[in-house]
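K.L.:
For what it's worth, our numbering labels the leading residue of the sequence shown as 834, then goes sequentially.
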Amino acid sequence: MPKYVLNPETLLYEEKEEPRYLKHVRLAVAIVAAAGFVLLYFWLYTSVFHWDLPKTAMLKRRAAAWEAKMEVLSNRLDLYDRTLTAIEQRDDQVYRSIYGLGEIPDAVKNSGLGGVNRYAEVDRLGTNSSLGWTVRRLDGLTKRTYIQGKALDEVGMLARTAGDMLACVPSVPPVLPDRNRVHLSSGFGYRTDPVYGGGERHGGQDMAGPTGTPVYATGDGIVTMAEFKTNGYGNQVIIDHGYGYQTRYAHLSVITVVAGMPVRRGEQIGNIGSTGKSTGPHLHYEVVYRGDRVNPMNYMDFNMSLDEYRSMIGTRVQESPVGKRTSTTELLRRSKKGNG
């Protein structure tokens, strides 16, 4: 508002003009006062009353909601992890052991997913970022789930062919368990060499009996060898049963099958003899699983009755005349018929 003063010469009121510097001073004081008021307001708002600014409050609400969602996701991942671990343990300890499959190594289960700079985006948030940790954990569970799915597919395939597998796995004695004719002699493991002396690892089970006693296939399979060998086994037959199993029948006096011929459990493949490195008529019987010789007694019960033995292998066991051979032509005819 303008200020008026009396002019004594003219006796009139005239407007008095204020110096410009005073205007500048007043403007500066007003700006400083306003700034101080604003600062005082923010200080009281945030430090004294501990209130958040509107935008800060909004960001905090978003962060809290994000953390809550991450907590829910983490709890679900914990549940999935425990469930998957239980499935893996049941698969290793039950399913895979039933079908003779080895356990899946932990290094394979826990391997991550590949890719250059796969986590570059989340790593920009910091190494302690909950998002980065969750992404890595989710990738690990995804890989484990994929591997476990493949493992269960393998078990499922074996389950569907369980009947065929049971018929192929060597699970009966290779001779009639008649202790009046055949008895168990040298067993599996270390022993003194009966010919040369000294210690040796005996990779099979010997069954002593009269020359000519029939020897039978202990499971369905394909004959891969049927010939005399100079490595000490003499006349021997090897059968591939599939599913990782092979059996060897050595020191035979007569071989009644040929290589490539399919055989069934209980089908005669030869006769007890004493060919090769032998001190008397006996059958040397081996079970090989995945390339390793294992104790044959784990795959048969030599104390079963003759009736039980015959029921396990059906009507294929017959008391063939000692020394009787089927001609090679007839064996090949049977082999072609079996393959057809």
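Glycine residues also receive a C-beta, built at the ideal position from the N, C-alpha and C atoms.
Just so you know, these numbers come straight off a predicted model, no measurement behind them.
1. When the Cα atoms are used, what is the spatial distance from Pro1007 to Thr994?
2. Going by DSSP, what residue range makes up the beta strand (DSSP E) through Asp1039?
3. Around the C-beta of His1084, are 16 or more other C-beta atoms found within 10 angstroms, so that it is buried, or is it exposed?
4. Closest to Pro1010 by CA distance: which of Lys902, Thr1046, Gly1037, Glu987 is it?
5. What does the Cβ neighbour count give for Tyr864, buried or exposed, with the cut at 16 atoms within 10 Å?
6. By how many angstroms is the C-alpha of Gly1106 removed from the C-alpha of Leu1116?
7. Considering only their Cβ atoms, is the gap separating Val1015 from Gln1079 smaller than 9 Å?
8. Any idea which residues DSSP pairs Asn1068 with across the strands?
9. Excluding the 5 residues preceding and the 5 following Thr1108 in the sequence, name in chain order all residues of the same chain whose CB lies nearer than 6 Å to its CB.
10. In angstroms, rounded to a whole number, what distance separates the CA positions of Gln922 and Pro1114?
11. To the nearest angstrom, how far is the alpha carbon of Gly1037 from that of Ile1088?
12. Using C-beta distances below 8 Å, list every residue in its chain close to Met1139, excluding the 5 sequence neighbours before and after it, in chain order.
13. Candidates Asn1131, Lys942, Ser1019, Ala1000: which alpha carbon is nearest Val1096's?
14. Can you tell me the Cα-Cα spacing of Tyr1049 and Ala1041, whole angstroms?
15. In whole angstroms, give me the CA-to-CA distance for Ser1144 and Gly1052.
16. In the DSSP assignment, the alpha helix (DSSP H) including Tyr979 goes from what residue to what residue?
17. Using the Cα positions of Lys942 and Lys902, report the straight-line distance between them to the nearest angstrom.
18. Just curious, the alpha helix (DSSP H) that Glu1141 is in, first and last residue?
19. Residues in its own chain within less than 7 Å of Leu985 by CB, not counting five upstream and five downstream?
20. Kindly indicate which residue of Val1091, Thr1112, Ser1111, Lys1110 has the alpha-carbon position closest to the one of Gly1103.
21. Can you tell me the Cβ-Cβ gap for Met1094 and Val1005, rounded? I've got them flagged as a contact below 8 Å.
22. Applying the 10 Å Cβ sphere with the 16-neighbour rule, what's the burial state of Phe1021?
23. What residues in its chain sit with their C-beta under 7 Å from that of Gln1151, if we drop five residues either side in the sequence?
24. Short of 7 Å in beta carbon distance, which residues of its chain neighbour Arg1024, apart from the five on each side in sequence? Order them along the chain.
25. Check whether the Cβ atoms of Arg1081 and Tyr1118 sit closer than 9 Å, and answer yes or no.
26. Buried or exposed: which applies to Gly1124, given that a residue is buried once 16 or more other Cβ atoms fall within 10 Å of its Cβ?
27. Cβ of Thr978 within 9 Å of Cβ of Leu917?
28. Tell me whether Asp939 sits in a helix, a strand or coil according to DSSP, three-state version.
29. Taking the Cβ atom as the reference point for each residue, do Asp795 and Leu974 lie within a distance shorter than 9 Å?
30. Please look up how many angstroms separate the CB atoms of His1074 and Pro1129, rounded, as I've assumed it's under 8 Å.
31. Starting from Gln1079, follow the beta strand (DSSP E) in both directions and report where the run begins and ends.
32. Please classify Asp1026: is it buried, with 16 or more other beta-carbons within 10 angstroms of its beta-carbon, or exposed?
33. According to DSSP, is Gly1045 part of a helix, a strand, or is it coil?
P.N.:
With the structure as the only source:
1. 24 Å
2. 1038-1041
3. buried
4. Thr1046
5. Per the sequence shown, the amino acid found at residue 864 is Ile instead of Tyr. With fewer than 16 Cβ atoms within 10 Å of its Cβ, Ile864 is classed as exposed.
6. 7 Å
7. no
8. Phe1061
9. Gly1067, Asn1068, His1084
10. 48 Å
11. 19 Å
12. The residue asked about is misnamed: residue 1139 is Leu in this sequence, not Met. Only Leu1009, Pro1010, Asp1011 meet the Cβ criterion.
13. Ala1000
14. 15 Å
15. 14 Å
16. 963-993
17. 28 Å
18. 1139-1146
19. Asp924
20. Val1091
21. In fact, because the Cβ distance is near 19 Å, the residues do not count as touching under 8 Å.
22. buried
23. Here the model assigns Gln1151 a pLDDT of 48, short of 50, so the residue's position is not dependable, and the following value carries that caveat. Taken in chain order, the list of residues that qualify is empty.
24. Glu1033, His1035
25. yes
26. exposed
27. yes
28. helix
29. There is simply no residue 795 to check, as the chain begins at 834 and stops at 1173 in what is shown.
30. Actually they are not in contact, since the Cβ atoms of His1074 and Pro1129 sit about 13 Å apart, beyond 8 Å.
31. 1078-1083
32. exposed
33. coil
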